[in-house]
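Notes follow once the structure below has been shown.
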Amino acid sequence: MAASAMLRPSLLLRSSPSPYNPSSTRTSPRNTSKCKVFALFWGPKKNSGSRELSPSLGPYTLTTSSSQVDMQQISVSVAPSILDISSEDWDACAIDVTGTEKHFNPFLTHAFLSSLEETGCSTKETGWIPQHIVARDENGNVLGVVPLYLKSHSYGEFVFDYSWADAYYSYGYSYYPKLQCSVPFTPVTGHRILVRDTVYKSQVFDALVEALKDLAAKLDVSSIHITFPSETEWCKLKDRGFLQRIGMQYHWKNRNYKSFDEFLMDMRQSKRKNIRLERKKISTQNLKMRRLRGTDIKAKHWDSFYSFYRNTTDNKWGRAFLTRDFFHNIGEKMGEKVMLIVAEEDEKLVAGALNLIGGDTLFGRLWGCLPDAYYPNLHFEACYYQAIEAAIELNLNKVEAGAQGEHKIQRGYLPVTTYSCHYILDEGFRKAIGGFLVNETAQVCSFAFSLNIFLLNLTFLFPPNYIHQFETLYNLCYDNKQTVTIFPSKKNEVKSQVFNP
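For the sequence shown, the numbering used here gives the first residue as 333, with consecutive numbering after it.
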């Protein structure tokens with residue numbers, strides 16, 4: 333009998349103490365009876381031994397037609413550093429996959445990813461071993477790349493799988509190492525399988541996905557995780573054996589606003605008044621806001637911002653993933669694509685927010701202020717309102733202000749779906765985690781309904797309807813009926829709606 337038939341996903345994926353969950357502690361030795369049961373259903377624990385890093389993969393054959401007259405072979409290899417790939421080749425893949433520079437994503441550039449490696453952020457020592465996949469044609473031309481890391485933990489991902497690691501640990505398996513396809517420390521949606529725009533592009537995509545699976549088998553890892561891919565990739569990867577997961581962020585959308593005040597006119601009067609009061613408090617505290625770009629950002633600004641960043645990360649549950657040199661490095665390499673929003677009091681820097689500028693999006697990333705300093709509403713001003721003003725001035729379509737935060741809705745940011753894909757090599761765990769994701773998806777959809785009915789209607793004069801978006805996503809993921817609880821904006825009564833795929 334299959335393991336998934338013997339164990340309910342809710343039991344398998346419980347929150348049990350393990351070294352993989354930073355908020356838990358183990359008080360008793362491992363239950364050996366569980367290990368015996370595990371061996372009965374899944375087989376004994378594997379002894380992976382030493383892993384050959386950067387193995388060769390492929391080759392793969394591409395054809396332009398079913399007749400296979402025009403065959404081309406591509407070789408696929410693993411680069412232990414992005415510096416082994418030219419910036420021209422990497423960036424050509426990153427730009428081609430979006431179809432236009434209008435959708436340019438600064439986090440997928442060679443400049444950003446190489447800065448992480450060069451300054452000690454994504455390295456073997458930090459548990460992010462680069463294993464970038466590169467596809468080349470017979471002439472050595474790069475046709476596609478995949479930003480990929482071999483990981484020994486789950487920090488810096490923003491898609492949480494600690495309970496999965498707990499489950500593996502409870503049954504005697506190792507969840508780590510795993511393969512992580514993402515931009516380290518960055519919850520930004522974008523393409524993850526980066527391919528050149530050629531007649532072979534769909535086949536190169538398939539070859540790179542197969543190479544991912546081959547690499548996972550060769551390295552003897554538990555799983556492959558592709559976090560924050562594009563919606564198109566998310567849909568494609570379902571047919572290639574990946575489990576699907578959804579999440580939520582909050583983005584500001586530019587409806588061709590000419591000014592911040594014009595944007596406020598889309599808000600309900602109470603919210604409009606609240607935002608104006610929050611912004612007014614900045615001037616009453618003798619704070620001056622400045623938006624710096626390119627050469628206007630000096631070394632002193634980066635040094636101050638790094639101290640602000642450490643003040644944020646050194647608080648409870650924080651982790652400093654980025655080094656001081658990293659900030660200096662992206663400032664030099666990325667130039668005008670970097671925007672640093674700073675707050676000054678009597679010409680002294682007291683806070684800052686880091687943003688990167690894409691083709692149609694302003695990406696808000698990090699925030700911090702002086703230790704032991706308290707400036708009411710400064711976080712909202714630096715991270716949300718200044719970003720909106722900048723996006724309007726630069727004629728950008730949206731602002732992505734990072735992960736989480738329902739409070740963003742009342743400041744004009746709307747709920748947006750995020751995606752991730754997970755390839756679990758062990759069949760038993762794959763079925764169990766798949767069941768877990770069915771339940772989790774229902775909860776995310778339920779929460780989306782609550783936001784749509786309650787906060788959006790209280791915030792906007794003409795609130796956008798996001799219910800259909802999440803219903804469509806649910807139907808795309810699963811073909812069973814699921815009851816979702818929603819909470820109306822009035823009274824405390826509970827209603828339900830059934831999705832009918």
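The C-beta atom is built at its ideal place from N, Cα and C for all residues, glycine as well.
Taking 8 angstroms as the threshold (C-beta atoms), are V527 and G476 in contact?
yes
So, helix, strand or coil for R623, using DSSP?
strand
So the candidates are T750, D635, E610 and K665; which of them puts its Cα closest to the Cα of Y707?
E610
6 angstroms CB neighbourhood of K620 in its chain, flanking five on each side removed:
E676
Pull the bridge partners of T791 from the DSSP assignment, please.
Paired residues: none, contrary to the question.
Which value, in whole angstroms, describes the spacing of the CA atoms of P412 and L544?
15 angstroms
Distance, A683 Cα to D529 Cα
42 angstroms
Name, in chain order, the residues that DSSP records as bridge partners for C701.
A683
Buried or exposed: which applies to S636, given that a residue is buried once 16 or more other Cβ atoms fall within 10 Å of its Cβ?
buried
For K630, which three-state DSSP category applies?
coil
What span of residues does the beta strand (DSSP E) with A834 cover, start to end?
What is shown of the chain runs 333 to 833, which leaves residue 834 out entirely.
Leaving out the 5 sequence neighbours to the left and right, which residues in its chain are closer than 6 angstroms to F595 when beta-carbon positions are compared?
Y589
Coil, strand or helix - K322 by DSSP
Since the first and last residues shown for the chain are 333 and 833, residue 322 lies out of range.
Straight-line Cα distance separating R625 from E664:
11 angstroms
Top-ranked residue by Cα proximity to E725, from N586, L672 and W649
N586
Might you give, ordered along the chain, the residues of its own chain that have their beta carbon closer than 8 angstroms to the beta carbon of M403, omitting 5 neighbours on each side?
T393, L394 and T395
Quick one: grab the DSSP three-state call for S562.
coil
Answer with buried or exposed for K763, where buried requires no fewer than 16 other C-beta atoms within 10 angstroms of its C-beta.
buried
Could you please give me the residues that DSSP links to Q309 through a beta bridge?
Outside the modelled stretch of the chain, which goes from 333 to 833, sits residue 309, for which no answer is possible.
Counted within 10 angstroms of its Cβ, other Cβ atoms place N784 as buried (16 or more) or exposed:
buried
Complete alpha helix (DSSP H) runs within the region 408-483 (minimum length 4 residues, chain order):
419-428 and 442-450
Closer than 7 angstroms: W699 CB and nearest the ligand GDP heavy atom:
Annotation note on the ligand GDP: not contained in the displayed structure, which lists no ligands.
In this structure, does DSSP put Y505 in helix, strand or coil?
coil
If I measure Cβ to Cβ from L511 and keep anything under 8 angstroms in the same chain, skipping five residues before and after, which residues do I get?
Q463, L480, Y481, L482, K483, L544, L547, A548, L551, V553, S555, I556 and H557
Contact between the region 599-609 and the region 651-666 is defined here as three or more beta-carbon pairs at a separation below 8 angstroms; is this criterion met?
no
Ordered along the chain, which non-local residues of its own chain (more than five positions away) have a Cβ less than 7 angstroms from that of H435?
G691 and D692
With which residues is E677 paired in a DSSP beta bridge?
L619 and K680
Consult DSSP for T364 and reduce its assignment to one of helix, strand or coil.
Reliability fails at T364, whose pLDDT of 32 lies under 50, so the model's placement of it is uncertain and the value that follows must be treated cautiously. Helix at T364.
Cβ-Cβ distance between E738 and L698 below 8 angstroms
no
Measure the alpha-carbon distance for F658 versus L793 and round it to whole angstroms.
42 angstroms
Could you spell out the range, first to last residue, of the beta strand (DSSP E) harbouring H583?
L575 to K585
Would you call the region 747-755 in contact with the region 714-721, where contact means no fewer than 3 C-beta pairs closer than 8 angstroms?
no
C-beta contact flag for L415 and S446 at 8 angstroms
yes
For G504 and T424, the rounded distance between their alpha carbons:
The question names Thr, but residue 424 in the sequence shown is Ala. Cα-Cα distance, rounded: 44 angstroms.
Since S752 is in the beta strand (DSSP E), which residue starts that stretch and which ends it?
L746 to I756
State the Cα-Cα distance for the pair G744 and W584, rounded to the nearest angstrom.
6 angstroms
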